[in-house]
Amino acid sequence: MKMLPRLDGKTVLILGGLGFIGTALAHRSIALGATTIVVDNLLQDHGGNPYHFEQLKNQAEIYIKDIQSSDVLASLISKADFIFDLAAQTGHLRSMQNPCLDCDINVVAKLKILELCRQLNPSVKIIFTSTRQVYGKPQRLPVDETHPVHPVDFNGIHKLTAEWHLQMYHQIYGIPSVILRLTNIYGRGMRIKDTTQNFIGFWIRQILEEKPIPIYGDGKQIRDPLHVDDLVQALLLAALSKHSTGQIFNLSGSEPVTLDTLAQKMIQAYGSGSCQYIDFPEGKKSIDIGSYFGDSQKIKINLRWEPLVSLEDGLRDTLEYYQKHQSFYL
Ligand SMILES: NC(=O)c1ccc[n+]([C@@H]2O[C@H](COP(=O)([O-])OP(=O)(O)OC[C@H]3O[C@@H](n4cnc5c(N)ncnc54)[C@H](O)[C@@H]3O)[C@@H](O)[C@H]2O)c1
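Shown next, in the form of C-alpha cells:
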C-alpha cells in the first residue's frame, strides 16, 4: 500500500462521518494526525450508528446535525482543508419512493455546501462519493469513466447532478474537487440490518443467524465488491494528490464475481451456510442494472491506487467483526 503522508496540522471534515465509510475514514484520518470533524444526523435506515459515535467520541469533534440546515456548517467549512462529502440518502428503492427527500439531501444540501465553500473557503478540497449507479445498465463490461451515463433511478440522477455541480464550481470558481464513483463497498461497520441499503450486509446477517442467503434471480449477475480499507486509501489519495483535482475516478473491486460465487465465498469464509434463490422483490427489478464490474485503470495509473484486500480475506475479516459486534448493528 502506498504510504500516506501524516496529516498533522490539517483539518478533515467528514460529512456522514458516523456511517459505514465515514467511520472507517475518520479512524484513518485520526491515525494520520488530522484534526477530524464529523457531521452526521444519524438518518433513519442508514448506516449512521451510535456505536460509531462511541468509538470516535474522544478522538474526533462530532456534531449530530443535519447537513441540510446545520448552523455550525459554515464555521466548520471555513476551517477545513478537506471535505469528504459522504452524507447521503443512499437507498435506490427509497429514492423512487421519496424522490424529493433524495433530491433535498443529495442535490440541494450539496449545492448549499458548495455556495458556503465559494463564499468562505474556496481553496478547500471536496472529495465526493458518487456511485456506479450513474451509468445505469452497462452497455459494455468492464465499465470505465467514458461509459455513457444513463441512471435508472432518482438516486443515480441526483448523484450525477451533484457531480455536475462540483465540476461547475471547479471550472468557474476554482474550487478543487474530485469525484469517486463507487461500486459495492463492504467491510467492518456496514449496515447489516436489512436490504434497504445494500445486499452484502444483509447476507452477513443471514449467515450469522444461520439462515439462507437470499439471491435475487439466477445468481449469475456480476458485481465487484471493494473492501472499505481499500476505499479509504483511495479517498485519502484522492484528497492528497494534485493530479486528482477535477477528475472522475471509478473505484471497483479486485475481481468480478457472480452473486453465486460471492455467496459461496462467504459461506466458505464462515464455514457453513446455504443459499436460496428468490424472485426480485417488487420495485427492485425495474431499477436493477444487471451485471456490473468497473474498470479502475484510471485511478490506478493516476494515483497509484490498487485494491489490496482479497475478497476471501475481506469477507473473513468482516464476518469476524460481526460475530463480535453484531448486536450494535441490529
Ligand atoms: N456503501 C456503498 O456500497 C456505496 C456505494 C456507492 C456509493 N456510496 C456512497 O458513499 C457514501 C457513504 O455511504 P455509506 O455506505 O457509508 O452509507 P451510510 O448510510 O453508512 O453513511 C451515510 C451517512 O450519512 C448520514 N446522513 C445522511 N443524510 C444526512 C444529512 N442530511 N445530514 C447529516 N448526515 C446525513 C447518515 O446518517 C449516514 O451516517 C454515500 O454518499 C453513498 O451514496 C456508497
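In our numbering, the protein residues as written are 633 to 962.
Ideal placement from N, C-alpha and C gives every residue a C-beta, glycine not left out.
What you are looking at is a predicted structure, and each value in this text was computed from that prediction instead of being measured.
If you compare the alpha carbons of V941, T815, E887, A663 with that of F881, the shortest gap goes to T815.
As for any alpha helix (DSSP H) of minimum length 4 sitting wholly inside the stretch 633 to 667, the runs are 652 to 663, ordered along the chain.
Sixteen is the threshold: when 16 or more other Cβ atoms of the shown chains lie within 10 Å of the Cβ of R660, as they do, the residue is buried. The three-state secondary structure of V864, taken from DSSP, is helix.
By the Cβ rule, the stretch 744 to 764 counts as touching the stretch 708 to 715, because three or more pairs are nearer than 8 Å.
Scanning Q729, F716, V766 for the CA closest to the CA of K742 turns up F716. Beta-bridge partners of E914 (DSSP): none assigned. Judged by the Cβ position, G946 fails to qualify as a neighbour of ligand 1 at the 6 Å threshold, every heavy atom of the ligand being at least this far. It is roughly 8 Å from the alpha-carbon of T828 to the alpha-carbon of R726.
At a Cβ-Cβ threshold of 7 Å, S884 and D920 do not count as neighbours.
Within the DSSP secondary-structure output, G926 pairs in a beta bridge with V775.
For S710, the enclosing alpha helix (DSSP H) starts and ends at 705 to 711. Rounded to whole angstroms, G821 and I789 show a C-alpha spacing of 27 Å. Pairing K852 with T890 gives a Cβ-Cβ distance under 7 Å. Put simply, the backbone Cα of E841 is about 22 Å away from that of I817.
Look at the stretch 818 to 888 and you find these whole runs of alpha helix (DSSP H), each 4 residues long or longer: 831 to 840, 860 to 872. Going by beta carbons, L951 and A901 fall inside the 7 Å limit.
Proximity to K769 across P783, I759, I758 peaks at P783, based on C-alpha coordinates. Closest in alpha carbon position to L962, among Y767, V781, L867, R837, is R837. Under a 10 Å Cβ-count criterion, D785 is classified as buried, with 16 or more other Cβ atoms of the shown protein chains found around its own Cβ. Judged by DSSP secondary structure, L951 falls within the alpha helix (DSSP H) whose first and last residues are 943 to 957. Distance from the C-beta of D698 to the nearest heavy atom of ligand 1 is below 6 Å. Spatial neighbours of N673 in its own chain (CB-CB distance under 7 Å, excluding positions within 5 residues in sequence) are listed in chain order as I696, K697, D698.
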